[in-house]
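Right, one structure below, let's go through it.
2 protein chains.
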Amino acid sequence: MLKGFSTQAADDMNSFDDGPRRQTIRDVASAAGVSVSTASNALNDIGRTSPETRERVRRIAKEIGFRPNALARSLVSRRSHTVGILTNDTYGRLTLPMTAGVSEALLDEGVSVFLCPTNNDPRLARLHLEALLDKQVDGLIFTATRIDLPPPPALADLPIPVVHAFSEGPADRVSFVPDDEQGARLAVDHLMALGRKRVVHVTGPMDYLAVRRRASVYRGLIGANADVLSGEWTEEWGREAVEKLFAGPGAKPDAVFCGSDEIARGVIDALRDRGVRVPSDVAVMGFDNWEVVSRQTRPPLSTIDMELKALGRRVGEAILALCRSEPVPFGITRMPCSLVLRHSSGATKDAPY
Amino acid sequence: MLKGFSTQAADDMNSFDDGPRRQTIRDVASAAGVSVSTASNALNDIGRTSPETRERVRRIAKEIGFRPNALARSLVSRRSHTVGILTNDTYGRLTLPMTAGVSEALLDEGVSVFLCPTNNDPRLARLHLEALLDKQVDGLIFTATRIDLPPPPALADLPIPVVHAFSEGPADRVSFVPDDEQGARLAVDHLMALGRKRVVHVTGPMDYLAVRRRASVYRGLIGANADVLSGEWTEEWGREAVEKLFAGPGAKPDAVFCGSDEIARGVIDALRDRGVRVPSDVAVMGFDNWEVVSRQTRPPLSTIDMELKALGRRVGEAILALCRSEPVPFGITRMPCSLVLRHSSGATKDAPY
DNA sequence: TTGAAAGCGCTAACAT
DNA sequence: ATGTTAGCGCTTTCAA
């Protein structure tokens, strides 16, 4: 079956034969003329070993290329130095930056990360979870493409610590999410500081918790004439919203705060189509800083960055602490978003587009 | 330090205390009134066990919730049922779909995947590699954001099998890459079948192997008046290329085959800006099927899908076979791309945009 | 300061 | 068909 795309002859086959056995601590011990326990002590800098033997053992270990077998170590220490991360993200846009952050936080501690893409399939989730537990992972990270996606019930009662990333877990769990309200405030404040008087909000579906949170901050800041248009997470909806806003007779907005970069791109395109200038006539802000979108709009998009890698790093630190039975404040921690200024809000020193 | 964003009192701390010890095979054995080896035999369906005891042991194992400790198992079997995947992809666009494919292929075999994002940093790569080897991974997958990225030298001489994914490894290794030539042929054939007479190619930097391959197929198919414009992987370059093509006096193209969806998006936008209709005046094809781009152009973009998940699945099957010392044809296997028809090539039955 | 011995949880000879 | 024993590679009492 693996030959499907190959017309190679049979002797072009490459079957891997395991090389020589790895060096064990016994090899080190005998080469150094000490017992295994002394070798172990010396290598781990534990207990009382004479400086000379300590150095000799270490030198020899290095010479013969000894590396301790983490499996054997874990078996006795009951710590595998691995964690699992369960994700339903198919495209990796959210998961990979976060995982990179997690991984960076854990790497220096020698902890590795099992990535488990569930594709939203409960069967896959269960299988992954079983494999992880059998492999004695020290902890688990649950992450999702939206903060209000309910975690699979199997996560409810685990013998290991769990941290939620980009997901709001139960109150007695540890969760990290972007601070949508702070992010929204950043965006709206920025538009208002620009002197814009009629800021509208074009956003995604109201059943998203993040959408409701951002909209509520927006309303609180703008007040009476706050105008929230809810639709899909698409460019098309962004364009449609512009039609709605500019078709009627009423006063036109001079700023649009969008719920995503994709919506913002639709808004910008539709404005240009109508001959409305961005940012001089209308300033536009996005949300996500998904660079394939935000860098490519004309003009480039000012937006809110959720700092996913930093979030991942915090998640990594938290799971690390929990695995060591160190106390970690539970509940939901909201991580600050940052303002990314490009041309669509007219707030950079660079020449406008 | 973990309290940075929290104002909670100290008793809101959540330090995880490990629950009761997991059930071991000894627990099963004694509960079933047999020896551990009999329990082991019964559970693994090995050797000669009377059907009654076999069932009894299994029933009891299930009742007390016994799950074998994979670490202990691996220690004796010398197979950890884990593989590592080394990636330099920051955004996850290529890596995550592939990893999902890999993971699906391995899940049913109980093999889990360590994800190691190297961020193109040799130090990170080395640390990850050491951690993986210490953890006795059975195999390694190397993947990159371009097929001609040289793998880190540390990969040269490993005691475990290595498979390259979206990366062309040395001739004595196993590599899987998308078939750029077949993909390019798919695109150009399609445009020619539409009856287009002047097809040009707007693509990325020539130092990319994939770019040269696709361009060469394009030239072979189009012949004498083949016109290759090489630039950046950006929308801006796509727009610029359109200026170049339409500014002069010469004959105008009636089709553009683009090296990426982003370039194609720039091309489409610039054509619309000039009042050139897509696809009636000029048909446009992209490459990548990166949906955030290809679904959002106006009209939606016909493009080439590299079938990354399928590629990942094949990579998974290959590493699985190698880990079992089964023969696998080595060398580079090119996986077929597929044609995705949307409106920009005017070849769908749906109403044009 | 060092070494002998036990054991982490499991599998696999070998003996019964 | 079942049990006894040894051992995977390492850490960790405890004795010397």
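So the protein lines, in turn, are chains A and B.
The numbering of the first sequence is my numbering, which starts it at 22 and goes up by one.
The numbering of the second sequence is my numbering, which starts it at 22 and goes up by one.
Positions of the beta carbon are idealized from the N, C-alpha and C atoms, including for glycine.
This one's a predicted model, so the numbers in the text were calculated from it and none came from an experiment.
Quick check on residue i - is its C-beta less than 8 Å from some C-beta in chain A?
i: B:Val209; result: no
i: B:Phe135; result: yes
i: B:Pro182; result: yes
i: B:Ser61; result: no
i: B:Gln157; result: yes
i: B:Asp38; result: yes
i: B:Gly54; result: no
i: B:Val314; result: yes
i: B:Glu124; result: Reading the sequence as shown, one finds Ser at residue 124 of chain B and not Glu. With 8 Å as the cut-off, B:Ser124 counts as an interface residue toward chain A.
i: B:Ala236; result: no
i: B:Glu261; result: no
i: B:Gln317; result: yes
i: B:Gly269; result: no
i: B:Glu264; result: no
i: B:Gly86; result: no
i: B:Gly296; result: no
i: B:Gly307; result: no
i: B:Gly131; result: yes
Between which two residues does the alpha helix (DSSP H) harbouring residue i extend?
i: A:Arg88; result: From DSSP, A:Arg88 is part of no alpha helix (DSSP H); its letter is neither H nor E.
i: B:Cys344; result: Leu329 to Cys344
i: B:Asp155; result: Pro143 to Asp155
i: A:Met119; result: Thr116 to Leu128
Between the alpha carbons of residue i and residue j, how many angstroms are there, rounded?
i: A:Ala205; j: A:Ala236; result: 8 Å
i: A:Leu362; j: A:Ser323; result: 5 Å
i: B:Val221; j: B:Pro274; result: 6 Å
i: B:Met327; j: B:Pro199; result: 6 Å
i: B:Phe135; j: A:Asp210; result: 42 Å
i: A:Val303; j: A:Thr318; result: 15 Å
i: B:Glu130; j: A:Asp38; result: 20 Å
i: B:Asp294; j: A:Asp309; result: 27 Å
i: A:Val249; j: A:Cys279; result: 10 Å
i: B:Arg99; j: A:Arg88; result: 15 Å
i: B:Ala146; j: B:Met356; result: 27 Å
i: A:Ala231; j: A:Leu117; result: 20 Å
i: A:Ser36; j: B:Ile181; result: 11 Å
i: B:Asn140; j: A:Ala121; result: 8 Å
i: B:Ala339; j: B:Asp228; result: 29 Å
i: A:Ala262; j: A:Asp282; result: 14 Å
i: A:Ser17; j: A:Gly367; result: Chain A is shown only over 22 to 374; residue 17 of chain A falls outside these bounds and no answer can be derived.
i: B:Phe267; j: A:Leu212; result: 39 Å
i: A:Asp66; j: A:Arg80; result: 14 Å
i: B:Ala63; j: A:Glu151; result: 21 Å
Assign residue i to one of two classes, buried (16 or more other C-beta atoms within 10 Å of its C-beta) or exposed (fewer than that).
i: B:Gly307; result: buried
i: A:Asn90; result: buried
i: B:Gly244; result: exposed
i: B:Ser71; result: exposed
i: B:Val97; result: exposed
i: B:Pro270; result: exposed
i: B:Glu264; result: exposed
i: B:Lys218; result: exposed
i: B:Ser56; result: exposed
On the DSSP letters alone, give me the boundaries of the beta strand (DSSP E) that residue i sits inside.
i: A:Phe267; result: Unbroken run through A:Phe267 is the alpha helix (DSSP H), Glu256 to Ala268; no beta strand (DSSP E).
i: A:Arg43; result: Taken as a continuous stretch (DSSP letters only), A:Arg43 belongs to no beta strand (DSSP E), as it is neither H nor E.
Does any residue of chain B bring its CB to less than 8 Å from the CB of residue i?
i: A:Leu343; result: yes
i: A:Pro128; result: Strictly speaking, residue 128 of chain A in this sequence is Leu, with Pro absent from that position. Yes, contact with chain B.
i: A:Gly252; result: no
i: A:Ala166; result: The displayed chain sequence assigns Thr, not Ala, to residue 166 of chain A. It does not: the Cβ of A:Thr166 has no partner Cβ on chain B nearer than 8 Å.
i: A:Ala121; result: yes
i: A:Glu448; result: For residue 448 of chain A there is no data in the structure shown, the boundaries of chain A being 22 and 374.
i: A:Gly367; result: no
i: A:Asp228; result: no
i: A:Glu73; result: no
i: A:Glu256; result: yes
Using 7 Å as the cut-off, classify the Cβ of residue i as near or not near the heavy atoms of the ligand GTP, replying yes or no.
i: A:Asp39; result: Questions concerning the ligand GTP fall outside what the structure shown contains, since it holds no ligand whatsoever.
When Cβ atoms are compared, which residues of the stretch 88-116 of chain B fall closer than 9 Å to chain A? Arg88, Pro89, Asn90, Ala91, Leu92, Ala93, Arg94, Ser95, Leu96, Arg99, Ser101, His102, Thr103, Gly105, Ile106, Thr108, Asp110, Thr111, Tyr112, Gly113, Arg114, Leu115 and Thr116
Anything in the stretch 139-154 of chain B with a Cβ closer than 8 Å to a Cβ of chain A? List those residues in chain order, please. Asn140, Leu145, Leu148, His149, Glu151, Ala152, Leu153 and Leu154
Check distances from the C-beta atoms of the stretch 320-351 of chain B to those of chain A and list, in chain order, the residues that come in under 7 Å. Glu338, Ala339, Ala342, Leu343, Ser346, Glu347, Pro348, Val349, Pro350 and Phe351
Counting only Cβ-Cβ distances shorter than 8 Å, please list the residues of the stretch 195-226 of chain B near chain A, keeping chain order. Val195
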